[in-house]
Amino acid sequence: MGAYRELYQGWKDNPEGFWMEAAGQIDWMRSPTKAFHADEGIYGRWFADGTLNTCYNCVDRHVEAGRGDQAAIIYDSPITGSARTYTFSALQDEVSALAAVIRARGVEKGDRVIIYMPMVPEAAIAMLACARLGAVHSVVFGGFAAAELATRIDDCAPKLIISASCGIEPGRVIAYKPLLDEAIEISKNKPQSTIILAREQQGCDLIEGRDFDYASEVAKAKGTDVPCVEVAATDPLYILYTSGTTGQPKGVVRDNGGHAVSLHWSMKNIYNVDPGEVYWAASDVGWVVGHSYIVYAPLLHGNTTILFEGKPVGTPDASTFWRVMAQHKVVSFFTAPTAFRAVKKEDPEGKLAGEFDLSALKIIYLAGERADPDTIHWLENVSGKPVIDHWWQTETGWTIAGNPIGVEMLPIKYGSPTVAMPGYDIQVLDDEGHSLAAGELGNVVVKLPLPPGCFPTLWNADERFKQAYLEEFPGYYKTADAGIMDEDGYLFIMARTDDIINVAGHRLSTGGMEEVIASHKDVAECAVIGIADDLKGQLPAGFMILNSGVNRPIDEIKAEVIKLVREKIGPVAAFKIAVPVKRLPKTRSGKILRATMQKVIDGADFKMPATIDDPAILDEIRDSWKDHVG
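Written out as structure tokens, the structure is:
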């Protein structure tokens, strides 16, 4: 770990010098004189006296450097059977034209624009066009319910909304325009106008005077040169809403300067790609992974990025990921573990991967939820590539703990996202804020200040920011994740702190039990929750999806799973409940909604999560539980 330790210690010894060197890789309009300004903001601000434009750094500077003919965005849509490639020069033309259209709608520096779009190139172009003007974009996952969209409209008060007529899922078309119309109707802060991309799969009616057609407006603006607006490093680039426990979404603010510096630094040091190489993050622009690693980081670094409209299975089958990697010569790939669990369920032996030439692929990265060792082992065997888990959050925007492959590939410890990245001083504390010894389960926190790229606050909610993240452990950022750190500094994230269950006075990690259940050869995916019990307080219950083609008595499998947990975790877990299910309730980004499952089983009141992929799954879980208890 010599090179890593030298890098990390170098940051610790001289954080100012470390981040000023990283800032030298970005083009500034006015270069910052120092990195950290401790007297600015809530816990300090980064590069506060510098100015720049993020769109210029993502697009124009590559064209000016003579790389205009390089592919910038490859759009691959198996769900519609279409594909397009945009060079950096073509992207510059498209972004400038849309920026002209947005500007004509009265949008200026600092104004907000909501982007409510499917996974199409126009979504990324809209993000960049807002950045070009210094406008603040807020991407809302396409197809979000009208009431949820309305809360975001009311919170950020957009002057303009950019949307599409529809989104496309396997087997169905989702009409966006009626949802958008209803959201505007019920919102208080109504936008002045909208721009609507009409898709051939389903059109929509436009309201005269308010709605404008994307294609015709952009066509009229083609050739218009819209200069990049100079903004302060501390000016917001975007607002991204994450679910709030009170039902009121939290608007995570991302600034321009620290964001550009940290994401550019991450592409080589963490993901080990060079400019010009093809990078693919299989996510959605509605989530933070889509912001950071579909749009901004690859383009900042001069990589070709893939914008994929499809699913890991069903578009058309479990070979889709392998086909895209082979066809476009992807060098570095990033997705959520749940995506590969879906592939594994449909193709347990991984035969489909063998049908494609994956020689260009160097490495696979997983994040977004806990990557169980069984999934990693399976993926290593099937792909023949290293599989790297790493951990970060919407709030941080980039890796907290990872394996810095571009610096040194550290030994892999299965179940761990490896070690702290420069900028992050990770500690594990008990509930009273005392440091815990290696191997002890506690609250994972990060010592302030957070590094560049992390959120400085919540949109118009400084006090809520302090209460939610800073007050419980003074001097630290509360991640709300629970975990342990071993004697080598490797971090193990075991669960959200809300998912730590208390069985007869013993604090147990649901993640540890899930890891054991997932290791069973017939289990494709699982979730463990704590259910109310009069005697022990809580009892763990495991809900498991079986691999396709499993044809054995279910009671036999349940007995094996229970025995396995007892052997690996111990009798203290009191694990006796294993329930087979067809599906698990998840967010659209693939995170399992364990807390909601728990409320459903316990019969408690709950608010339907805004991000749930399919609410009907909760009824299936309830029915499966009723079948189990007889």
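Each residue of the sequence shown is one higher than the one before, starting from 90 at the first, in the working numbering.
Even glycine gets a Cβ: it sits at the ideal position worked out from N, Cα and C.
Check: Less than 7 Å separating the beta-carbons of S252 and L269?; Outcome: yes
Check: Can you list, in chain order, the residues of its chain with a C-beta nearer than 6 Å to that of M109? Leave out the 5 residues immediately preceding and following it.; Outcome: A124
Check: Can you have a look at T700 and say buried or exposed, based on whether 16 or more other CB atoms are within 10 angstroms of its CB?; Outcome: buried
Check: Would you report the Cα separation of K502 and I666, rounded to the nearest angstrom?; Outcome: 29 Å
Check: Could you tell me which residues DSSP pairs with I263 in its beta bridges?; Outcome: G256
Check: Can you tell me which of the three DSSP states R173 falls into?; Outcome: strand
Check: Quick check on R173: buried or exposed, where buried means 16 or more other Cβ atoms within 10 Å of its Cβ?; Outcome: exposed
Check: Assuming D158 contacts S178 (C-beta within less than 8 Å), just tell me the rounded distance between them.; Outcome: 7 Å
Check: Suppose you measure from the CA of V307 to the CA of A630; what does that come to, to the nearest Å?; Outcome: 54 Å
Check: Could you tell me the boundaries of the alpha helix (DSSP H) in which C245 lies?; Outcome: A235 to C245
Check: Relative to the C-alpha of L682, which candidate in K657, A663, I710 and G312 has its C-alpha closest?; Outcome: I710
Check: Among K680, S282, A236 and F423, which has the Cα closest to the Cα of D300?; Outcome: S282
Check: Using three-state DSSP, classify H609 as helix, strand or coil.; Outcome: coil
Check: Is it the case that the Cβ atoms of A160 and L180 are separated by a distance below 7 Å?; Outcome: no
Check: In its own chain, which residues sit with a C-beta less than 7 Å from the C-beta of K418, not counting the 5 before and 5 after it?; Outcome: V367 and A449
Check: In angstroms, rounded to a whole number, what distance separates the CA positions of G93 and V341?; Outcome: What sits at residue 93 in the sequence shown is Tyr, not Gly. Answer to the nearest angstrom: the Cα atoms are 30 Å apart.
Check: For M686, does the count of other Cβ atoms within 10 angstroms reach 16, so buried, or fall short, so exposed?; Outcome: buried
Check: Exposed or buried, what is S171 when buried is set at 16 or more other beta-carbons lying within 10 Å of its beta-carbon?; Outcome: exposed
Check: Under 8 Å, with one C-beta from each stretch per pair, do the segment 467-478 and the segment 316-326 reach the 3-pair mark?; Outcome: no
Check: Would you list the residues sitting across from M109 in a DSSP beta bridge?; Outcome: Answer by DSSP bridge pairing: none, since M109 is not bridged.
Check: Mind checking whether W487 and S608 have CB atoms under 7 Å apart?; Outcome: no
Check: Using a beta-carbon distance below 7 Å, is K311 in contact with chain B?; Outcome: Of the protein chains in this structure there is only one, and it is not chain B.
Check: Which two residues bound the contiguous alpha helix (DSSP H) that contains P777?; Outcome: Because the chain here runs from 90 to 719, residue 777 falls outside it and cannot be looked at.
Check: Between I589 and Q627, is the Cβ-Cβ spacing less than 7 Å?; Outcome: no
Check: Starting from T393, follow the beta strand (DSSP E) in both directions and report where the run begins and ends.; Outcome: T393 to F397
Check: Is it the case that the segment 547-559 contacts the segment 506-521, given that we only count it when at least three CB pairs across the two stretches are under 8 Å?; Outcome: no
Check: Where does H523 land, buried or exposed, given buried means 16+ other C-beta within 10 angstroms?; Outcome: exposed
Check: Please specify which runs of the alpha helix (DSSP H), each continuous and at least 4 residues long, are wholly inside the segment 323-359, giving them in chain order.; Outcome: 346-358
Check: Given a cut-off of 7 Å on the beta-carbon distance, is the pair S637 and K434 in contact?; Outcome: yes
Check: Alpha carbons only, please: which of M633, I163 and L295 is nearest the one belonging to N392?; Outcome: I163
Check: Quick one: grab the DSSP three-state call for S178.; Outcome: helix
Check: Return the bridge partner residues of G491 from the DSSP annotation.; Outcome: V508
Check: Check E560 in the structure and name its three-state DSSP category.; Outcome: coil
Check: Using DSSP with H/G/I as helix, E/B as strand and the rest coil, what is E95?; Outcome: helix
Check: Give every residue of the same chain whose Cβ lies closer than 8 Å to the Cβ of T546, excluding the five residues on either side of it in the sequence, and list them in chain order.; Outcome: G130, I131, V342 and F554
Check: Determine whether the beta carbon atoms of S254 and E398 lie at a separation below 7 Å.; Outcome: no
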